[in-house]
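Visitor: Dropping the structure in here first, questions after.
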Amino acid sequence: MKLSILIPMYNAEKYIGNCITSLINQDVPKDDYEILVLDDGSVDDSVKIVQEFIHVNDNIHLYTQSNKGLYATRNKLLRLAKGIYIYNIDADDYIVYNSLSLLLDRAFEYNADIVGFNSLKTRQLDLFKSNSEKETEIMIYKGIDFLSKTKHFNITVWWYFVRKDFIYENSIYFEEDNPFEDGPFSLRAMFYAKKIIYLPIDVHRYVQVPSSIMNNNSQNHSRRIIDDYINVTYSFNKLLAEFSNKKKNIPHEILNKVKFFRDVNIYYMFFRIIKANISIKKVDGILNEFETLGAYPISYFIENKLHKTTIYLFNHKYLFYTFLYPLRILYKSKVLKFF
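Residue numbers (my numbering): 13 to 351.
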């Protein structure tokens, strides 16, 4: 078995059929790959839809459990996988038709730990044709070089295959109590990888779903997301300590890259603070905690003029407290719109 495609599923009846359709319309023999779907307690028709595909596709396998959470589901799928390579994809996303063969051929040709490709953000569900040439220049990196020398890359899990034995050999897994664990998982995998190959070809479709985690703006949800941002900040700090201990004279670019992604999370946390009705006293406690961790003020995520302006406000916390309630009023009255 060359590849295991792993899909955590929860109430995805609108999208799972489209996802699986893209995965079975591939230029790879069915005996060479499996599609594993683990349902996490859906109450819609998601399971029924997958079962209909199973009737005519014997490489699709469905498992069920009750509300264990996204990353417990991902970890269980990792344990169930039989493929040499694994690919994590969300139930509401999909991939280009006939895109797997080239990726797998190159994965085995180069004996890569990680095989990367491009992902496109979209609201459309029918972009099954690639916008790039099939054969293109392959970029080859050591994991540490990829982290230190590549300026812009994604730390989600949808844009790469990863060799299963490599994951087990380095004890890489998802921490299960935080919905933002893609980042620490991906950074850890890249750090330990002996060989990463990247094909700049169009493969994955990230579907922007209004009801997804990041698009939910309810008060209770925003408060939970703030707690998640706090937890993942600790995860990034844990990575910094781990990387420093594992390798002497680690390139500072790698540590700065981890700090960059930590800062990105803190930056977006501020917008959730504006959306949520939490007190200035609680916000002050969070920022004091981050100061102790060395994670505040934000200093590694400044990419454009908007960032410079907003980060200046966020980094001067007493100024931010002065503007917090007026900003909330403007947001609730829909004068301000963001994320």
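Beta carbons are placed, not taken as given, at the ideal position from N, Cα and C, and that holds for glycine.
Please state whether the Cβ-Cβ distance between Lys294 and Tyr343 is less than 8 Å.
Guide: no
Visitor: Alpha carbon to alpha carbon, what distance is there between Glu25 and Leu199?
Guide: 31 Å
Visitor: As an exercise, report each continuous alpha helix (DSSP H) stretch of at least 4 residues that is fully enclosed by the segment 152-178, in chain order.
Guide: 155-161
Visitor: Leaving out the 5 sequence neighbours to the left and right, which residues in its chain are closer than 8 Å to Gly87 when beta-carbon positions are compared?
Guide: The sequence shown places Asn at residue 87, rather than the Gly named in the question. For Asn87, where only same-chain residues beyond five positions count, the Cβ hits under 8 Å are Tyr185, Phe186, Glu188.
Visitor: If you reduce the DSSP assignment to three classes, tell me which class Val127 lands in.
Guide: strand
Visitor: Given this structure, state the Cα-to-Cα distance separating Val40 from Lys161, to the nearest angstrom.
Guide: 33 Å
Visitor: For Ser16, which of helix, strand or coil comes out of DSSP?
Guide: Note: Ser16 maps to strand in three-state DSSP.
Visitor: Buried or exposed for Asp105, going by 16 or more other Cβ atoms inside 10 Å?
Guide: buried
Visitor: Please classify Arg135: does DSSP put it in a helix, a strand, or coil?
Guide: Coil at Arg135, not helix or strand.
Visitor: What residue does the alpha helix (DSSP H) around Leu90 start on, and which one ends it?
Guide: 82-92
Visitor: Assign Arg91 to buried or exposed, taking buried as 16 or more other Cβ atoms, counted over all protein chains shown, within 10 Å of its Cβ.
Guide: exposed
Visitor: Can you give me the C-alpha to C-alpha distance between Lys258 and Asn69, rounded to a whole angstrom?
Guide: 44 Å
Visitor: What residues in its chain sit with their C-beta under 6 Å from that of Ile107, if we drop five residues either side in the sequence?
Guide: Ser34, Val215, His216
Visitor: Taking Thr321 as part of the alpha helix (DSSP H), name the residues at either end of that continuous run.
Guide: 317-327
Visitor: By a C-beta neighbour count over all protein chains shown, 10 Å radius and 16 as the cutoff for buried, is Ser247 buried or exposed?
Guide: buried
Visitor: Is Ile19 near Val55, with beta carbons less than 8 Å apart?
Guide: no
Visitor: Which runs of the alpha helix (DSSP H) spanning at least 4 residues fall entirely within the segment 255-290, listed in chain order?
Guide: 264-287
Visitor: Return the bridge partner residues of Ile72 from the DSSP annotation.
Guide: Ile47
Visitor: Rounded to whole angstroms, what's the CA-CA distance from Ile47 to Ala103? Just pull it up for me.
Guide: 12 Å
Visitor: Put Gln63 into one of helix, strand or coil per three-state DSSP.
Guide: helix
Visitor: To the nearest angstrom, how far is it from the Cα of Lys94 to the Cα of Val59?
Guide: Cα atoms of Lys94 and Val59: separation of roughly 22 Å, rounded to the nearest angstrom.
Visitor: Give the DSSP-derived three-state secondary structure of Leu348 in the structure shown.
Guide: coil
Visitor: Going by the beta-carbon positions, is the gap between Tyr241 and Ile213 smaller than 8 Å?
Guide: no
Visitor: Please state whether the Cβ-Cβ distance between Arg175 and Ile150 is less than 8 Å.
Guide: Cβ atoms of Arg175 and Ile150: not closer than 8 Å.
Visitor: Could you check which residue in Phe313, Ser142, Gln220 has the C-alpha nearest to that of Ser111?
Guide: When each option's Cα is compared against that of Ser111, the closest is Ser142.
Visitor: Mapping DSSP to helix, strand and coil, what is Pro338?
Guide: helix
Visitor: Locate the beta strand (DSSP E) running through Asn100, then write down its first and last residues.
Guide: Where Asn100 is concerned, the enclosing beta strand (DSSP E) stretches over 97-100.
Visitor: If we call anything under 8 Å between Cβ atoms a contact, is Tyr218 one with Leu132?
Guide: yes
Visitor: If Ile28 and Ile61 are in contact, beta carbons under 8 Å, what's the gap, nearest whole angstrom?
Guide: 6 Å
Visitor: I need the straight-line Cα distance from Leu267 to Glu254, nearest angstrom please.
Guide: 10 Å
Visitor: For Asp57, which of helix, strand or coil comes out of DSSP?
Guide: Three-state DSSP puts Asp57 in coil, outside helix and strand.
Visitor: Taking its Cβ as the centre, do 16 or more other Cβ atoms sit within 10 Å of Thr321, making it buried, or is it exposed?
Guide: Classification for Thr321: exposed.
Visitor: Give me, in chain order, the residues of the same chain whose beta-carbon lies closer than 7 Å to that of His264; leave out the 5 immediate sequence neighbours on both sides.
Guide: none
Visitor: Between Ser234 and chain B, is any beta-carbon pair separated by less than 8 Å?
Guide: Looking at the structure shown, chain B is missing, and only one protein chain is on hand.
Visitor: Using only the alpha-carbon positions, how far apart do Lys206 and Leu339 sit?
Guide: 47 Å
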